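Written below as C-alpha cells is the structure these notes are about.
Protein chains: 4
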Amino acid sequence: MNNTFGRSAALTIFGESHGVSIGAVLDGLPAGEAIDWDAVRTEIARRAPGRNAMSTARSEADAFEVQSGFFNGYTTGTPLCAVIRNGDHRSKDYDQLRHIMRPGHADYSGKIRYGGYNDFRGGGHFSGRLTAPLVFAGAVASQILKRRGVAVGAHILQIGSVRDASFHPLGEDEALFESLKQETLPVLDKTKQSEMEGEIMAAKGDLDSVGGVIECMITGLPAGLGNPFFDSVESALSHMMFSVPAVKGIEFGDGFALASMRGSGANDAFYYDGAAVRTKTNRNGGINGGITNGMPVLFRVAVKPTPSISRLQETIDTDTQENCTLEIKGRHDPCIVQRAVPVVEAAASWAILDVWLSTEKRM
Amino acid sequence: MNNTFGRSAALTIFGESHGVSIGAVLDGLPAGEAIDWDAVRTEIARRAPGRNAMSTARSEADAFEVQSGFFNGYTTGTPLCAVIRNGDHRSKDYDQLRHIMRPGHADYSGKIRYGGYNDFRGGGHFSGRLTAPLVFAGAVASQILKRRGVAVGAHILQIGSVRDASFHPLGEDEALFESLKQETLPVLDKTKQSEMEGEIMAAKGDLDSVGGVIECMITGLPAGLGNPFFDSVESALSHMMFSVPAVKGIEFGDGFALASMRGSGANDAFYYDGAAVRTKTNRNGGINGGITNGMPVLFRVAVKPTPSISRLQETIDTDTQENCTLEIKGRHDPCIVQRAVPVVEAAASWAILDVWLSTEKRM
Amino acid sequence: MNNTFGRSAALTIFGESHGVSIGAVLDGLPAGEAIDWDAVRTEIARRAPGRNAMSTARSEADAFEVQSGFFNGYTTGTPLCAVIRNGDHRSKDYDQLRHIMRPGHADYSGKIRYGGYNDFRGGGHFSGRLTAPLVFAGAVASQILKRRGVAVGAHILQIGSVRDASFHPLGEDEALFESLKQETLPVLDKTKQSEMEGEIMAAKGDLDSVGGVIECMITGLPAGLGNPFFDSVESALSHMMFSVPAVKGIEFGDGFALASMRGSGANDAFYYDGAAVRTKTNRNGGINGGITNGMPVLFRVAVKPTPSISRLQETIDTDTQENCTLEIKGRHDPCIVQRAVPVVEAAASWAILDVWLSTEKRM
Amino acid sequence: MNNTFGRSAALTIFGESHGVSIGAVLDGLPAGEAIDWDAVRTEIARRAPGRNAMSTARSEADAFEVQSGFFNGYTTGTPLCAVIRNGDHRSKDYDQLRHIMRPGHADYSGKIRYGGYNDFRGGGHFSGRLTAPLVFAGAVASQILKRRGVAVGAHILQIGSVRDASFHPLGEDEALFESLKQETLPVLDKTKQSEMEGEIMAAKGDLDSVGGVIECMITGLPAGLGNPFFDSVESALSHMMFSVPAVKGIEFGDGFALASMRGSGANDAFYYDGAAVRTKTNRNGGINGGITNGMPVLFRVAVKPTPSISRLQETIDTDTQENCTLEIKGRHDPCIVQRAVPVVEAAASWAILDVWLSTEKRM
C-alpha cells in the first residue's frame, strides 16, 4: 500500500501533474466532524504557486471538489474523497522529460522504478503538485485536532544563509501560529523577511534556487500517544515528512545538536506545575521513548533547493544513452521553502491524527 | 501492529529488559537462504555492553536460540523466531523506577501510555536491551543482502565535540566496512579514536554522558527501489531509525547542509559510466523522489547522550505527586554511540530488505 | 484502513449512493499493462440495473472516468483512480431512511457505527451501487491476470429452489466463461434459465425477493500462491467476498459437503500428467494448506434475497423510539444474484491479483 | 505480514511441528488486563490430542511459557510472547514426507511455495499443532472479552452424517457455553454423542477419517462493530477461520439456506425491547452490512475429514517424479472436529477482539 499513509486515519493520494486530476481519499476520519471548507481552501491557497515574484508564475487551479464522506455538514465516517482537476497543459513543453533526466529530480529513478511507463509530464506522480491533496487532508485533520485543543504551527527557520529565531521549545501561543499563516515568508524575527527575500531573488537572478529549513511545533497533545517499537511519534512524523518532495532531513527537539551535549544538559527535568506534569526544558521535542510526554512536539525539516533551475546542467539522454546537457525551460520556483510550510503543517497534522487514533483504543 | 515493522519483511520484537526473554519474529524472509550464525553472534557481541571501560560493566548474556524458520541449514520461508533469555536480575535495584521518573527516559510517557501497567524494571520494553533482537534481525538481513551485492557499513562521525572524517559519498569499499566492524570506536580517521575516548572518559568522570552522530552507507543497491508516496526509501529508513532508542535526527545525503546550498550545487549530475548510470556527486544520498538511483545510500543519525547519568537530577515522584531529586544508582554507559553503530547497521539492513522485497514484485 | 483491500494490489473504494460520485483507487498495479477500457465498460454494464424486467428499472449512469495512473495506453505503476459520477437523485424519496430502519439492511448497524452521521440516502456507503467501482477494479485486474493465463468465470448455481449444474471441478474452458458473460442469467444447464426467471418473477409478483448461490472458478493459477497463516488463498477470497453486499456464506471445493465425507473420499490424489502435477479429483478447490496446488480454484458464495421488498414490514423508528411498520416505495430488484455474478468475478480477480503480487516476491 | 493477523490486536504465529518450539506474539492487547493462566491451560488442553480413543495417541506437551508482556498479574500493553516447546520427535518417521506428497495435505503446495526449503517434518509450519498458539491467543482474548460481557461458545453441529440441534439464533446462555466446554464431544442434543462417537470409531476401524461442522456463537457484542468495506465482521472472522487447517467453508446466520429463501423470510424485523433494539429472528447472524447489530453473531464452519489416513493412497514422488502409492504410518486422528472446537472459539475470540479494538476509536 505504497500510496496510503496511516493505520487508523488512512490517507491515499493519487494523480499526476498533467493527468485529469489529483486527489486524496481520507479514510478513518471520525464521524460527526464539522469541516470549514473555506479554511481548507485558505490552506490550499497558501501552497499554491504564483502568489508573488518568489514563486513560479504558473497558475494552478487548486479548486477541490469533495466527492463523498461529507453529509449535512459533517464527516460521515466513511471515506472522504476530494478531487482537484488539473488545468490544460501544453504537454509538449515537457516532451524532453521522457529521455533527458533532470538532475536532482526523480526522472531517472522513477523511470527505472516503473519501467518507463510512468507519466513523465511535469514530473507526473512525483510532482510537487501532489502536495495539494496532502494539504487538503492536513487541513481537514487540523480542524479535527483543533477541536481537541491541538494546534500546529510552522515557520521558516532558514533560507540559504539567513536564519530566523527559533520557536520557544516550551511552547508558543496558537495566535502566533495563526499570524504566521498570514505571511508569505512566515518568520519569527520579521527583520529576516527581507533578507530571506534577498536570498531568494539573488538565486533567481542567478537562474538558480535556494533551500531552507522549516521548524514545526504541535501544541496541546496529551501525554501517552505513540509507541516504542516501531511506531514512535518520530517514526510516524518522519515517515510522513520524507514523502514531502525535497525534504532530506528531520530532527526532533535539539536533534543533531544533542550529539555534542552532555546527558546532564540534554535531559529534560520533570516537575509538577500544579497537577500537570511538565518539563523545564524541551530538548527531546516532547517525545520520550517514542511517546508524547505532554510538552510541545518540536521538529525541523531540511528542504533542499528546488532542482528545477534554468542554468545549463550536465545529464544523460536515455534514448541515445549518451551524456548531454540540459536547459530547463519555463518559469520555476527559485525557492519552495515558503510554499512547503503549509505542506509540512498539513503533513504533521495528518500524521498526528493517525497516531492519536491508533493509540487511543479503548474497549 | 505497533511492534511489527515492514510490509514484506515483517519484523516483530517482543520482550522487556527484566522479563523472561526478549526476541524477534522475522516473517517474510526469502526461503533457501543460508545463514552464518557465528556472523550473527559477532554482530550481537558488537552491541553488547561490558566490553571495555567506555560501556557499562553489566554483563548481558545475549545468546540467542533460533526457535523456528530454519531447517537443514537454510531459511524455510516461514517465520524465524529467535529468543534471547534474560539473566537473573536483582529487580529491587529498579524499584524506584515505578514512581520516580528518570528525565530523558520513557518512564513517564510510558506510564501514561500503558496506564501504569508496563514493566518498569530496567526500562522494560523501552530498554536499549531491545535492540539486541533488532541486531539479530539485521544481521540475518545483511547476509541476504550481501548475497545480492549489497553492503552496509557505518562509523562514528561525531562524539561530543570530536568529529571524524566522512564517508566518500560516491562510495566506499566493502573492505572498509568490514574493518570498521572490528573497531570498538569505528572511525575513518584513526587519530580521532583517542580523542573520542577522551570525550567519553571525561563524561564518565563527570558522572555524565555524551552523545554523537553515526554515519551509515549502503552500497550495491539497484536503482528503482522505493516509492514516492508514502513509502520512500527515506521514509522506510527514518521510520526504522526512530525506533532505535536515543536517535533524535536523521539526514540523507547532505541533509541539513542542503538548506544553505543553491540548486546548482545540490543537484547531482547524471552521466554514463559505460552502460552504467552514475552521478558525479551524491548530495541526495542515492535517493531521488524517494527511490534509489543506484548510487550509495548515505545517511546520518543523531544519537542523544544516554539519559542514565549518576548525577543528581530533578524530577517527579508520581506516588506522592511531588517534585523530588533522583540519583540513578548502578553503572551506566557514559556513551552508547559506539554500541549503537551495529544497531544502526542492522536496522538499515532490515529496512532495506523490506523495501527491496516490497518493490520488486513481478508477476 | 477499513476501505482498502490488499497488501500489494491495494484497492480503496469511496462514495455513497447519492453523493457526488463513487470511485476507486487502484494502487500497486504492475506498470506497463495495457487496459482495454471497452472491456471494462462491458463488465460494468453487466452489473448495471435496468436491463430487463428482473432487475430494478432505475437507470444508473455508470460511466467511469479514469483520473490517473494510465498514460499512453498503459498503466503507469502509480495509483489509478476512477470516478463514477452519480446522477441526480430525488433524495426526498429516501427521507424516511434516516429514522425508519429497513430490516435486513445496514440502516441500524450503520447508524450506530457512525453515530448517525452516515449518509443514509439510498443506503449511502452501504449501497449495492458501491460494487460498481469494485467491478471496475476487478475488470482491470482480470485483464492483467488473463495475460498470465488466468481466467475467472462464474455462473448462477442456484436461485430460490432452482439449481443449475456445477462446474467440472477439474476445470472448464475459458470459452465457457466467455459465453456465460453474455447471458443475463448465466447457467450451465440452459433449461434452468426459464425456471430461474420464473422464480424471480414469482417473487416479484409477491412483492418479494429471492436469493441464490454463485459458483466461481479461477483457472490457470500456478501452484504455490498464498500462505498458511494468516493469508491463505481462502482467507483472501473470503475476506473480499464478504465485502460484497448480501453474501452470507462461502465454501471452497466441496465445502460443507466435506463434513459428511470420509478422508479417503475427500483427499485429492496427486499424479504426474507428463511433467505436470495434477490431482484426480478437486474436492479441496485447488487449495491445500491455504496455498494453490495448480488445480482450478473453485468456490461458491451464498447470496441472500435482497432485503428491499415492497411488502409491509415490521421495524423501528429511531426518532420516536417506537415500533412501526414500513413499506419500501419505489422499484426494487426482486433478485440481485444475476447482477452479483460480475461482482463476484471482479472481486475474485482483484483478490487473486493481490495474492499473486504478495506471494511472488523475488530479489 | 503473512503470519500476522489483525490491525489493532495483532497476532503473530511462528513455529514448526518438529522444530524447537511453536509460539505466538500478541501485540496490541489492552494494558491492565488480569489473565487467569489456568483457564488458558484448560483451553489448550481441550485442543490437545491423546485424550481418548477418538484422537491420536501421540502425547503433546503443550505447556506454554510466557516470555513478555505480563507483569505483576496484568498485561503490560507491550507484546505478550508465549513459547510452547516441542518434545523430542523421532524425525525419521517423517523422512518420506520430503518427497512423497500426502494427498489433502500441504506437502506439495508448500514445497512449491517455499522452493522445497520448508520444514516437512510432521507438516512443519502447516501442522495442526500450530493451532496451539492460536488457542493460547484466543484464550487470552476471551478473558478480555468476557470482562466486557462477551461470551463465545461452540458445539459440534455435525460429524459425518450425524447432525446435532442448532443454537437458538436469538441467543444462548453463557452457562451452556461453559458446560459445552467440559464435553469431549460438545453437542446440544446429548443423544447424538454416542452416534457421533460411532461415526468416528467406524471411520477409525476403516483406517479412514470423517469430517464435520462446528457452530459458533458470540453473544454480548454491542451494535456498531465492523465496517462495510473491506473489513466487515464476516470478512474478519472468515479471514481468521480459513487459517484454521481443514476449514473449507463458513456461513453466517442462515448462510447457504438463505439462497432458497424469500426476502420476506430472510429479513430480521427490528423491534424495541424496552430501550434495547433487537430483531425477532436472526437469519443474518447478528451482522448487517458487515457491522454488528447487537444480536448474537452466529456462524458455522465446515471441517474436512483429516487427510492423514492409514489407507493406501495414490500420489507422487517428487524425487523420482513418478506416481507412487503411500501408506501413512503412525497413529492419526480419525476425526479432528472435536479438537477443532476450542480452536474455532479461540480464533473467533481473537478476531472479534481485533474488530472491537479497530472499530472503537475515539479521540
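Residue numbers (my numbering), protein chains in the order written: chain A, 12 to 374; chain B, 12 to 374; chain C, 12 to 374; chain D, 12 to 374.
We treat Cβ as the ideally placed atom computed from N, Cα and C, and that holds for glycine.
Note that the structure is a prediction, hence the values are computed from the model and not measured.
Option nearest residue i by Cα separation, candidates the options
i        : options                                  : result
D/Gly39  : B/Thr23, B/Gly43 and B/His29             : B/Thr23
B/Ile320 : B/Val224, B/His29, B/Val354 and B/Arg113 : B/Arg113
A/Asn334 : B/Arg109, B/Phe178 and B/Arg289          : B/Arg289
A/Ala35  : A/Asp217, A/Ala42, A/Ser360 and A/Ser79  : A/Ser79
C/Ser302 : C/Val151, C/Val355 and C/Thr370          : The sequence given here places Ile at residue 302 of chain C; Ser does not occur at that position. Out of C/Val151, C/Val355 and C/Thr370, C/Thr370 has the C-alpha closest to the C-alpha of C/Ile302.
B/Gly126 : D/Asp118, D/Lys157 and D/Thr87           : D/Thr87
For residue j and residue i, the rounded distance between their alpha carbons
i        : j        : result
C/Phe25  : B/Glu189 : 52 Å
B/Ala362 : B/Gly171 : 28 Å
A/Glu338 : B/Leu232 : 30 Å
A/Trp48  : A/Pro144 : 14 Å
D/Tyr128 : B/Phe82  : 7 Å
C/Ala20  : C/Phe253 : 18 Å
D/Ser138 : A/Ser153 : 49 Å
A/Asp328 : C/Phe75  : 37 Å
C/Gly266 : C/Met207 : 24 Å
A/Asn238 : A/Phe147 : 27 Å
D/Ile95  : B/Ile33  : 15 Å
B/Asp330 : A/Gly235 : 18 Å
B/Gly84  : B/Pro90  : 15 Å
C/Glu226 : C/Val308 : 11 Å
C/His116 : C/Asp130 : 14 Å
C/Ala59  : C/Glu194 : 14 Å
A/Ala68  : A/Pro345 : The predicted position of A/Ala68 is uncertain, since its pLDDT is 49 and thus under 50; no value can be drawn from it.
B/His29  : B/Val312 : 28 Å
A/Val31  : A/Val255 : 22 Å
C/Phe263 : C/Ser249 : 10 Å
A/Gly260 : C/His110 : 53 Å
C/Asp118 : C/Glu27  : 13 Å
A/Trp367 : C/Leu168 : 47 Å
B/Gly216 : B/Gly98  : 29 Å
Chain D residues whose Cβ lies nearer than 9 Å to that of residue i
i        : result
B/His136 : Ser79, Gly80, Thr87, Gly88, Thr89 and Pro90
B/Asn13  : Ala21, Asp38, Gly39, Thr89 and Pro90
Chain-ordered chain C contacts of residue i [CB-CB under 9 Å]
i        : result
A/Asp365 : Per Cβ cutoff of 9 Å: no residues; A/Asp365 is ~10 Å from chain C at best.
Interface partners of residue i on chain A, CB under 8 Å
i        : result
C/Glu76  : Val31
B/Arg207 : The amino acid at residue 207 of chain B is misidentified as Arg; the sequence shows Met. Ordered by position in chain A, no residue passes the 8 Å Cβ test against B/Met207, which lies about 12 Å from the chain.
Within chain A, the residues that residue i reaches when beta carbons sit closer than 9 Å
i        : result
B/Asp219 : Arg273, Gly274, Ser275 and Gly276
Proximity test, residue i beta-carbon vs the ligand HEM heavy atom, cut-off 7 Å
i        : result
C/Gly126 : Absence of the ligand HEM is noted for the structure shown, with no ligands found whatsoever.
Could you tell me which whole beta strand (DSSP E) segments of length 3 or greater appear in the region 111–170 of chain B? Restricted to the region 111–170 of chain B, the beta strand (DSSP E) segments that are unbroken, complete and at least 3 residues in length are 162–170, listed in chain order.
Contact set between the region 144–160 of chain B and chain D, restricted to residues whose Cβ is under 9 Å from the partner: Listed by position along the chain: nothing, the set is empty.
Contact list for the region 25–36 of chain B against chain D, Cβ threshold 8 Å: Answer set for the region 25–36 of chain B: Phe25, Gly26, Glu27, Gly30, Val31, Ser32, Ile33, Gly34 and Val36.
Short of 9 Å Cβ to Cβ, which residues in the region 225–243 of chain A face chain C? Of all residues in the region 225–243 of chain A, none comes within less than 9 Å of chain C when Cβ atoms are compared.
Quick check on the DSSP output: what are the complete alpha helix (DSSP H) runs of length 4 or more inside the region 259–303 of chain A, in order along the chain? Those alpha helix (DSSP H) runs which fall completely within the region 259–303 of chain A and span 4+ residues are 274–277.
What are the residues in the region 303–320 of chain B lying within 9 Å of chain C by C-beta distance? So the list is empty, because no residue satisfies the distance condition.
Can you check the region 191–258 of chain B for any beta strand (DSSP E) of at least 3 residues that lies completely inside it and give the ranges in chain order? Within the region 191–258 of chain B, the runs of beta strand (DSSP E) at least 3 residues long that lie entirely inside it are, in chain order, 223–230.
Which runs of the beta strand (DSSP E) spanning at least 3 residues fall entirely within the region 18–48 of chain A, listed in chain order? Considered as a whole, the region 18–48 of chain A harbours 21–26 and 32–38 as its complete beta strand (DSSP E) runs of no fewer than 3 residues, in chain order.
Whole beta strand (DSSP E) elements within the region 304–335 of chain A, 3-residue minimum: Positions of the beta strand (DSSP E) runs, each at least 3 residues long and wholly inside the region 304–335 of chain A, are given as 308–314 and 323–328 in order along the chain.
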